[in-house]
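Reviewing the structure listed below.
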Amino acid sequence: MKRINQIEPSMDNAEKKELMSVIDSGWYTESSKTKEFERMFASFVGAKYACAVTSGTAALYVGLKALNIGMGDEVIVPDLTFVASPNSVEATGAKPVLVDIEKNALNLDLNKMSKSVNKKTKAVMPVDFNGRPIDMKVLREFADKKDIMLIEDAAHAIGCYYNRRHVGTISDVGIFSFSTPKIITTGQGGMIVTNDRQIYERAMALKDFGRKIGIKKQMEKSFSHSTIGYNFKFTEFQAAIGIAQMRKLQKRILKKRR
33 MKRINQIEPS MDNAEKKELM SVIDSGWYTE SSKTKEFERM FASFVGAKYA
83 CAVTSGTAAL YVGLKALNIG MGDEVIVPDL TFVASPNSVE ATGAKPVLVD
133 IEKNALNLDL NKMSKSVNKK TKAVMPVDFN GRPIDMKVLR EFADKKDIML
183 IEDAAHAIGC YYNRRHVGTI SDVGIFSFST PKIITTGQGG MIVTNDRQIY
233 ERAMALKDFG RKIGIKKQME KSFSHSTIGY NFKFTEFQAA IGIAQMRKLQ
283 KRILKKRR
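Per this note's numbering, the sequence shown starts with residue 33, numbered consecutively.
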């Protein structure tokens, strides 16, 4: 019987070359490669801002915190998803409210979702399961009407679109994963995308010990902590691999479509 691997990441000399440039540079944590990778990803999905973090799970957590979700809030999550989705909500102190999916599309059932909304509902977390986008037009209109935020778990969905817009960009926050099974990988890693400058600045501070972005003097930046923050910083090694992987992404998408 032939063994079929669940995961077969594809890397070659392009990744090796990028990694060697990092080793030779002497800068290993969040420098020019990380910024380049963030710019490449934001451009690819059509978002204004992108924030790289250590994993897709970290992206969910930081994204939720950047939306000021916490104790006493509720976040609606589909019951067909990876455990990271509800876990990230729990980690903020909020309550994940599991709602059933549609029978055929495997997305969050919007009718059941609407019945689960109450005064504590702060956000909905649609999950683009196996790259299948939910009806974002209907969900966006509902969320705007109810003043509810959307944080889209698009971990499975790099290269997937809804009405010619990349998934994750219609929501207030979209998150992506670069773990080994994904279409591009950095071993582990995640990305937060948004079109809102304030959300972006909060996410960037949260993942870097609360440091405020935009401070030019290195000494002042290193010891200026404007809010609570954590260490979810990307490494230059991950970013180097990500840059090489991004250059191959279109070919991989076309291959999967065939």
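All C-beta atoms, glycine included, are put in the ideal place defined by N, C-alpha and C.
The beta strand (DSSP E) enclosing residue i, as first and last residue numbers
| i | result |
| --- | --- |
| residue 108 | 106-110 |
| residue 131 | 127-131 |
Supposed contact pair residue j and residue i - C-beta distance, whole angstroms, cut 8 Å
| i | j | result |
| --- | --- | --- |
| residue 159 | residue 171 | Their Cβ separation, rounded to whole angstroms, is 12 Å, which puts residue 159 and residue 171 out of contact at 8 Å. |
| residue 265 | residue 256 | With 8 Å as the limit, residue 265 and residue 256 do not qualify as a contact, their Cβ atoms being about 16 Å apart. |
| residue 201 | residue 58 | Residue 201 to residue 58, Cβ: 35 Å. No contact. |
Cβ pair residue i, residue j closer than 8 Å
| i | j | result |
| --- | --- | --- |
| residue 165 | residue 189 | yes |
| residue 98 | residue 205 | yes |
| residue 51 | residue 271 | no |
| residue 178 | residue 106 | no |
| residue 161 | residue 143 | no |
| residue 191 | residue 281 | yes |
| residue 54 | residue 67 | no |
| residue 183 | residue 203 | yes |
| residue 61 | residue 218 | no |
| residue 131 | residue 110 | yes |
| residue 221 | residue 86 | yes |
| residue 207 | residue 187 | yes |
| residue 185 | residue 259 | no |
| residue 83 | residue 232 | yes |
| residue 152 | residue 102 | no |
Those residues which DSSP pairs with residue i across a bridge
| i | result |
| --- | --- |
| residue 143 | Paired residues: none, contrary to the question. |
| residue 188 | Paired residue(s): none; residue 188 is not in a bridge. |
| residue 226 | 81 |
| residue 60 | In DSSP, residue 60 forms no bridge with anything. |
| residue 240 | 263 |
| residue 181 | 155 |
| residue 197 | 194 |
Residue span of the alpha helix (DSSP H) that contains residue i, given as start and end
| i | result |
| --- | --- |
| residue 78 | Taken as a continuous stretch (DSSP letters only), residue 78 belongs to no alpha helix (DSSP H), as it is neither H nor E. |
| residue 207 | Here residue 207 belongs to no alpha helix (DSSP H); instead the beta strand (DSSP E) covers 205-209. |
| residue 278 | 268-278 |
| residue 301 | Any question about residue 301 goes unanswered here, given that the chain covers just 33 to 290. |
| residue 122 | 116-124 |
| residue 98 | 88-98 |
| residue 282 | 281-289 |
Cutoff 8 Å: residue i Cβ touching any chain C Cβ
| i | result |
| --- | --- |
| residue 94 | Here there is only one protein chain, and chain C is not present. |
- Task: Indicate whether the contact test is met: 3 or more Cβ pairs, each with one atom in the segment 118-129 and one in the segment 85-101, closer than 8 Å.
- Result: yes
- If you pair each beta-carbon of the segment 274-283 with each one of the segment 37-51, do three or more pairs fall below 8 Å? yes
- Query: Taking one C-beta from the segment 144-154 and one from the segment 195-203 each time, how about it: are there three or more such pairs within less than 8 Å?
  - Reply: no
- Pairing CB atoms from the segment 217-234 with CB atoms from the segment 64-75, are three or more of them under 8 Å? yes
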